[in-house]
Amino acid sequence: MGTYSTLVQQQAASANVVLPYKSRRSPVYSTKGMVACSQPLAAQAGLRILQAGGNAADAAVAVAAALSVTEPCCTGIGGDAFALYYSAQQRKVHCLQGNGAAPAGLSLEAVRAAGITGSELPPRHALTVSVPGAAALWEDSVTHWGSGHCSLADVLTPAIELAEEGFPVGPVASFEWQKGAEVIAAAGGPGVLALITEKGEGPQPGQIWRNKDLAATLRRLGELGAAEGFYSGPVAEALVAAVQSRGGVLSLQDLADHRTAEVEPISTQYKGAVVWEVPPPTAGIVTLMALNVLEAHSKQQQHAGDPSAPTTTTTNSSSSSSSINFGQPKAVQWSSQQLHLGIEACRLAFADALAWVADPRAHEQPLQQLLCTERAAQRCQQYFRPDQACCPEPCQTLPAGQPKQFKGGDTCQWVVVDGQGNAASFIQSTYMGFGTGIVPEGCGFSLQNRCHGFNLDPGHPNSLAPRKRPYHTIMPGLLTDPQGGLLAAFGCMGGFMQPQGHLQLLFNMLELGLDPQAALDMPRFCIDRIDSSAGPASVKESHILLEDGMSKAAVQGLQERGHEVQLRSGFGRLVFGKGTIIARDAASGVLCGGCDPRGDGCVLGL
Numbered sequence: 001m002g003t004y005s006t007l008v009q010q011q012a013a014s015a016n017v018v019l020p021y022k023s024r025r026s027p028v029y030s031t032k033g034m035v036a037c038s039q040p041l042a043a044q045a046g047l048r049i050l051q052a053g054g055n056a057a058d059a060a061v062a063v064a065a066a067l068s069v070t071e072p073c074c075t076g077i078g079g080d081a082f083a084l085y086y087s088a089q090q091r092k093v094h095c096l097q098g099n100g101a102a103p104a105g106l107s108l109e110a111v112r113a114a115g116i117t118g119s120e121l122p123p124r125h126a127l128t129v130s131v132p133g134a135a136a137l138w139e140d141s142v143t144h145w146g147s148g149h150c151s152l153a154d155v156l157t158p159a160i161e162l163a164e165e166g167f168p169v170g171p172v173a174s175f176e177w178q179k180g181a182e183v184i185a186a187a188g189g190p191g192v193l194a195l196i197t198e199k200g201e202g203p204q205p206g207q208i209w210r211n212k213d214l215a216a217t218l219r220r221l222g223e224l225g226a227a228e229g230f231y232s233g234p235v236a237e238a239l240v241a242a243v244q245s246r247g248g249v250l251s252l253q254d255l256a257d258h259r260t261a262e263v264e265p266i267s268t269q270y271k272g273a274v275v276w277e278v279p280p281p282t283a284g285i286v287t288l289m290a291l292n293v294l295e296a297h298s299k300q301q302q303h304a305g306d307p308s309a310p311t312t313t314t315t316n317s318s319s320s321s322s323s324i325n326f327g328q329p330k331a332v333q334w335s336s337q338q339l340h341l342g343i344e345a346c347r348l349a350f351a352d353a354l355a356w357v358a359d360p361r362a363h364e365q366p367l368q369q370l371l372c373t374e375r376a377a378q379r380c381q382q383y384f385r386p387d388q389a390c391c392p393e394p395c396q397t398l399p400a401g402q403p404k405q406f407k408g409g410d411t412c413q414w415v416v417v418d419g420q421g422n423a424a425s426f427i428q429s430t431y432m433g434f435g436t437g438i439v440p441e442g443c444g445f446s447l448q449n450r451c452h453g454f455n456l457d458p459g460h461p462n463s464l465a466p467r468k469r470p471y472h473t474i475m476p477g478l479l480t481d482p483q484g485g486l487l488a489a490f491g492c493m494g495g496f497m498q499p500q501g502h503l504q505l506l507f508n509m510l511e512l513g514l515d516p517q518a519a520l521d522m523p524r525f526c527i528d529r530i531d532s533s534a535g536p537a538s539v540k541e542s543h544i545l546l547e548d549g550m551s552k553a554a555v556q557g558l559q560e561r562g563h564e565v566q567l568r569s570g571f572g573r574l575v576f577g578k579g580t581i582i583a584r585d586a587a588s589g590v591l592c593g594g595c596d597p598r599g600d601g602c603v604l605g606l
């Protein structure tokens with residue numbers, strides 16, 4: 001396992017690229033509206049829509065399109081999207097699922113006939129392309145939740161201008177773009193020069209990049225709508241041709257059949273607040289199950305008379321106003337005991353999620369059982385040991401593949417709150433960097449590889465099947481008080497890190513009392529090797545990545561408990577995700593925003 005000093009030496013040797021920026025960020029305060037995202041120019045696009053009379057939903061779609069232009073390595077119209085929307089008038093959280101299904105022609109039999117063995121599809125194969133759901137979700141968000149003052153074409157205009165006129169590429173986006181350029185080059189085809197140079201490279205930091213193909217695609221979408229502008233016509237034809245010419249089976253009918261799903265979000269209570277997530281097949285339930293374990297452990301400590309037990313309520317709430325108590329922080333870092341508890345809670349949640357979570361249209365999801373607080377208490381009592389790492393079993397063992405190395409997800413997540421108190425928490429991804437790398441000719445975007453998330457074991461709930469939606473890593477978050485008042489919109493992007501990131505951000509704010517920026521600045525842990533295509537077995541074989549900045553005592557405390565620990569610094573910190581948070585005080589209407597220092601982003605307010 002190695003001593004702390006050995007780990008530090010290994011970290012220094014592996015960190016061949018170091019992020020040099022040590023500048024301090026303050027939380028941003030405002031009252032009339034706020035946007036937080038991973039690219040400043042995309043944040044400006046959202047702010048521009050707010051200034052034009054749009055609401056949080058309108059602005060969030062503007063950010064989505066602008067991020068597709070400025071950070072195509074992580075997101076784009078060729079991928080999926082999910083959205084949570086808080087209506088201040090209704091005091092209610094709404095949810096849209098923009099995740100596409102597997103093609104009708106993609107079956108286990110077809111995969112095996114193609115000579116593919118093992119528990120997963122090859123990660124960049126054309127067979128991993130599912131129907132991209134982002135375009136339909138953009139339109140439906142504006143239609144269902146928008147202000148009525150902005151058309152879809154209006155909302156997409158800032159992104160179209162960025163793509164046509166060009167924009168300087170941010171440093172973190174440049175790093176990820178260059179890292180993924182070989183994926184685009186390997187896929188090949190006449191459309192690739194929209195995303196890489198003739199030498200097969202991505203842009204340098206500060207280099208002006210233009211994508212006129214994507215501008216044309218976005219303009220067509222705005223003018224004709226999703227059904228005619230994306231899921232049929234020239235864009236759809238180019239998309240299908242690109243996939244089928246590389247051995248995929250996506251068809252025009254698959255695209256035409258796609259619809260956004262409006263569903264009820266799922267929730268649990270934590271520290272007196274209500275945490276809202278997107279239901280399966282996303283990983284949102286992992287965060288809720290893990291938070292239930294934290295609450296169960298806290299109550300068990302209190303019943304045992306432990307004076308150090310965490311409190312169960314950290315919000316001010318009434319029927320008329322709500323806020324998060326940032327006040328005086330209890331701590332500026334997690335202790336080794338807190339880290340151990342957070343890690344074990346996430347492991348327990350992943351063990352169950354990877355055994356059960358799948359497309360609810362194909363497999364009934366036992367949500368009530370999985371989210372039961374009594375069950376969380378039983379799981380905590382059964383597996384949690386304060387001085388020892390555990391190897392949890394799922395609540396009912398199901399067939400699972402073999403664990404593999406962590407596959408980082410490249411994603412963009414952002415939040416918007418408007419002056420009326422409406423909030424939008426959005427997330428969008430092509431899964432792994434640039435997805436398959438396939439760029440349809442003349443379209444300017446790459447296609448996702450989300451079908452790689454299926455398990456190829458026919459006995460698993462998340463097994464591959466035609467028209468089925470795979471297990472999904474991406475998940476936005478919202479926080480309200482029990483009476484329905486908005487507390488915060490939040491999220492943390494990054495593959496299987498996302499539910500872990502949500503838990504850590506919420507713990508930082510609701511338990512430690514940190515403001516949004518401080519909550520995002522805090523060093524993080526990441527349980528490595530988690531993988532939906534491997535199932536619960538991946539939890540047993542996982543090890544713990546710790547971010548540069550963790551205290552020596554915390555690292556040693558985890559090692560003493562039997563955790564296999566590795567440290568990450570420099571650009572290696574990107575494995576811990578990039579998040580955004582906007583909190584709102586109902587009494588004053590003051591917004592407090594933070595943006596992750598691991599990315600290029602910022603918070604802009606009105």
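When we follow full-length UniProt numbering, the leftmost residue of the sequence shown carries the number 1, and every step to the right adds one.
Beta carbons are placed, not taken as given, at the ideal position from N, Cα and C, and that holds for glycine.
- The C-beta distance from glycine 419 to leucine 606 rounds to 7 Å, short enough to meet the 8 Å contact threshold.
- Alanine 114 and arginine 361 have their alpha carbons spaced roughly 27 Å apart.
- The alpha-carbon separation between alanine 36 and proline 103 amounts to approximately 35 Å.
- For alanine 81, the secondary structure class from DSSP, reduced to helix, strand or coil, is strand.
- The three-state secondary structure of aspartate 254, taken from DSSP, is helix.
- Taking 9 Å as the cut-off, the Cβ atoms of leucine 339 and glycine 557 count as close.
- Of the candidates His303, Glu277, Ala304, Gln302, the residue whose Cα lies closest to the Cα of leucine 291 is Glu277.
- For tryptophan 334, there is no enclosing alpha helix (DSSP H), as DSSP gives it neither H nor E.
- By the Cβ test, the stretch 443-463 is in contact with the stretch 116-125, since at least three Cβ pairs between them sit closer than 8 Å.
- Counting along the chain, the unbroken beta strand (DSSP E) around threonine 480 starts and ends at 477-480.
- Excluding five sequence positions before and after glycine 78, the CB atoms of its chain that fall closer than 7 Å to its own CB belong to Pro132, Thr430, Gly435, Phe445, Ser446, Leu447, Gln448, given in chain order.
- Beyond the five residues adjoining it in sequence on each side, lysine 330 comes within less than 7 Å, by CB distance, of Leu512, Gly513 in the same chain, given in chain order.
- Membership of phenylalanine 384 in any alpha helix (DSSP H) is not indicated, and neither H nor E is assigned to it by DSSP.
- Secondary structure at phenylalanine 507: helix, using DSSP grouped into helix, strand and coil.
- Going by DSSP, histidine 94 is part of the beta strand (DSSP E) stretching over 92-98.
- A residue is called buried when at least 16 other Cβ atoms come within 10 angstroms of its Cβ; glutamate 176 meets this threshold and is buried.
- The alpha-carbon of histidine 258 is positioned some 7 Å away from that of glycine 100.
- For isoleucine 160, the uninterrupted alpha helix (DSSP H) segment begins and ends at 152-165.
- The Cβ neighbour count for isoleucine 160, taken over all protein chains shown within 10 Å, is at least 16; the residue is labelled buried.
- Proximity to threonine 128 across Leu464, Leu604, Glu547 peaks at Leu464, based on C-alpha coordinates.
- The shortest C-alpha to C-alpha distance from leucine 67 to any of Val332, Leu545, Gly284, Ala215 is the one to Ala215.
- Cβ atoms of glycine 593 and valine 28 come within 8 Å of each other, at about 5 Å.
- For isoleucine 527, the closest of Gly491, Arg469, Glu560, Arg568 by C-alpha to C-alpha distance is Arg568.
- The alpha helix (DSSP H) runs of length 4 or more contained entirely in the stretch 207-256 are, from start to end of the chain, 212-229, 234-244, 252-256.
- DSSP places histidine 149 outside both helix and strand once states are collapsed to three, so it counts as coil.
- The alpha-carbon separation between glycine 76 and serine 251 amounts to approximately 20 Å.
- With contacts defined as CB atoms closer than 9 Å, phenylalanine 490 and proline 461 fail to qualify as a contacting pair.
- Three or more pairs of CB atoms, one per stretch, sit closer than 8 Å, so the stretch 372-380 contacts the stretch 279-297.
- Taking C-beta separations shorter than 8 Å and ignoring five residues to either side along the sequence, the partners of leucine 108 in its chain run Leu456, Pro458, Ser463, Leu464, Ala465, following chain order.
- Per DSSP, the unbroken alpha helix (DSSP H) holding alanine 43 starts and ends at 40-51.
- The DSSP-derived three-state label of methionine 432 is coil.
- Nearest to proline 279 by C-alpha distance, out of Ala88, Phe167, Leu239, Glu364, is Glu364.
- Distances from the alpha-carbon of glutamine 51 to those of Ala587, His543, Phe507, Val416 put Val416 closest.
- Distance from the CA atom of glutamate 564 to the CA atom of isoleucine 544, rounded to whole angstroms, is 6 Å.
- Of the candidates His94, His149, Arg24, Gly105, the residue whose Cα lies closest to the Cα of alanine 59 is His149.
- Here the alpha carbons of arginine 91 and alanine 586 stand approximately 12 Å from one another.
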